[in-house]
Ligand code: FAD
Ligand code: EPU
């Protein structure tokens, strides 16, 4: 087992760039190493934090227990037919590099999920999604080590109960498993998803007449770079809140008062998903700076660290935003980011 480090700075391990420390810290680059770490007295004493790329994490304090950084690598084709390929990736693989690898092989299905930060292993946690595609659309199964026993277990798509930014790993399975690999079923003949957001217009502007998975990926990358801040330059964790889903009659009533309110079909029948960024902007937060934190000027749903902010300050800003949206619209915003 690699040695446990003590009092490890976490600033380089979270995309908010927050300066917290971990009491203990270890890298797991194989299932065997992971099991050995989990059997250590420090792991047994708890608490544990499983860390991928730290791109959906708000550290509000120093972490008093053991942080396990997931570094399991490897991408392999596990099966193939005339039309499909099954690909398994280690949980520590960088998500975007994995998507680029699949594009290089001409395997279709993940192109709309280009440039999402983080690791493969964290992707099922919240069923990552963008531009009309979610992880669940190509996911077949994952392997995870049960923390209490060290047993390797398999979860298929049904078992994961994916929803909008949801899975069992945010509910009953939270804190009980470490995801070690994820398998995807990808297509050899692409079905392109170009109707969401600005993809079609961007392809036109790129003068692409016949889109491919490569050009769709490039369009998605272009759109993302134009509105989402790069964490390497400005600390952030993407959308801080989920887009709330409210009963459609409530949405219709609100839209009558606020004709600009964007709404999309919700996951459950009778529910409409409303744009949290719009609600936050209407409350006057877009581009507003509070100390070293703020809501981004191009995307109010993205909270940022201008440098030197603490997790507590970002959490206080998030709560102030929640309160104003509650008071103005009667809607409860829920954090997408994992608050630790
Ligand atoms: P981390 O932040 O390290 O961890 C997230 C959670 O998963 C934590 O609770 C952690 O304990 C747990 N976890 C991590 N790895 C494992 C594992 N192997 N086993 C068990 N639990 C684990 N998300 C989207 O869905 N769509 C987007 O379009 C999108 N855009 C983003 C844009 C920016 C600029 C940023 C900064 C973030 C964006 N995100 C988006 C959020 C983020 O990229 C995803 O949630 C990503 O999957 C997080 O991966 P990570 O490895 O960084 O996870
Ligand atoms: N809007 C505003 N003001 C703002 C921000 C947005 O009015 O400050 C409006 C936009 O004009 C648009 C609507 O809100 O009408 C939706 O905005 P956008 O297309 O930017 O998408 P989003 O709903 O804010 C979601 C995801 C993103 C994902 C994009 C593209 C959530 C919580 N966020 O953002 O995911 O990349 O769609 O699919 O579902 C993430 O999860 O971290 C993330 C970045």
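Numbering (my numbering), first residue to last: 43 to 382.
We put the CB at the ideal spot given by N, CA and C, even for glycine.
Since this is a predicted model, take the numbers as computed values, not measurements.
May I ask you to report which of helix, strand or coil DSSP gives residue 176? strand
From residue 150 to residue 316, what distance separates their C-alpha atoms? One alpha carbon belongs to residue 150, the other to residue 316, and they sit about 30 Å apart.
Nearest by alpha-carbon distance to residue 169: which of 295, 208, 146 and 94 is it? 208
Drop a sphere of 10 angstroms on the beta-carbon of residue 214, count the other beta-carbons inside from all chains shown, and report buried for 16 or more, exposed for fewer. exposed
Does the beta-carbon distance from residue 383 to residue 261 come in below 7 Å? It is not possible to answer for residue 383, since the shown part of the chain is limited to 43 through 382.
Where does residue 129 sit, in a helix, a strand or coil, going by DSSP? Residue 129: strand per DSSP, three-state reduction.
Per-residue DSSP class, three states only, for residue 370: helix
Straight-line gap, residue 345 to residue 254 (C-alpha atoms, nearest Å): 33 Å
Using a 10 Å radius around the Cβ and a threshold of 16 neighbouring Cβ atoms, would you call residue 193 buried or exposed? exposed
Scan the segment 263-307 and note each continuous alpha helix (DSSP H) run of 4 residues or more that stays entirely inside, going in chain order. 290-299
Are the segment 269-285 and the segment 334-341 touching, with three or more C-beta to C-beta distances below 8 Å? yes
Cβ atoms of residue 119 and residue 127: under 7 Å apart, would you say? yes
Which word fits residue 248, buried or exposed, when buried means at least 16 other C-beta atoms lie within 10 angstroms of its C-beta? exposed
Does ligand 2 have even one heavy atom less than 6 Å from the beta-carbon of residue 284? yes
Secondary structure at residue 315, three-state DSSP: helix, strand or coil? strand
What runs of the alpha helix (DSSP H), each 4 residues or longer, lie entirely inside the segment 173-252? Secondary structure in the segment 173-252: the alpha helix (DSSP H) runs of 4 residues or longer, each lying completely within the stretch, are 199-202 and 241-247 in chain order.
Which of the three DSSP states, helix, strand or coil, is assigned to residue 57? coil
Sort 364, 355 and 348 by Cα distance to residue 100 and report the nearest one. 355
Inter-residue Cα distance where the pair is residue 81 and residue 116: 24 Å
Can you tell me the Cα-Cα spacing of residue 196 and residue 186, whole angstroms? 6 Å
Got a sec: does ligand 4 put a non-hydrogen atom nearer than 6 Å to the Cβ of residue 180? With respect to small molecules bound, the structure shown includes ligand 1 and ligand 2 and not ligand 4.
Do residue 156 and residue 141 count as a contact pair if the criterion is CB distance below 7 Å? yes
C-beta atoms of residue 153 and residue 258 nearer than 7 Å: yes
Just how far apart, CA to CA, sit residue 329 and residue 277? The straight-line gap from Cα to Cα measures roughly 15 Å.
Nearest-angstrom Cα separation, counted from residue 373 out to residue 135: 37 Å
Start and end residues, beta strand (DSSP E) containing residue 121: 117-122
Reducing DSSP to helix, strand and coil, say where residue 331 ends up. Collapsing the DSSP output to three states places residue 331 in a strand.
Can you look up residue 63 in the DSSP assignment and give me helix, strand or coil? In the structure shown, residue 63 sits in a strand (DSSP, three-state: E or B).
Residue 168 beta carbon near ligand 1 (any heavy atom closer than 6 Å): yes
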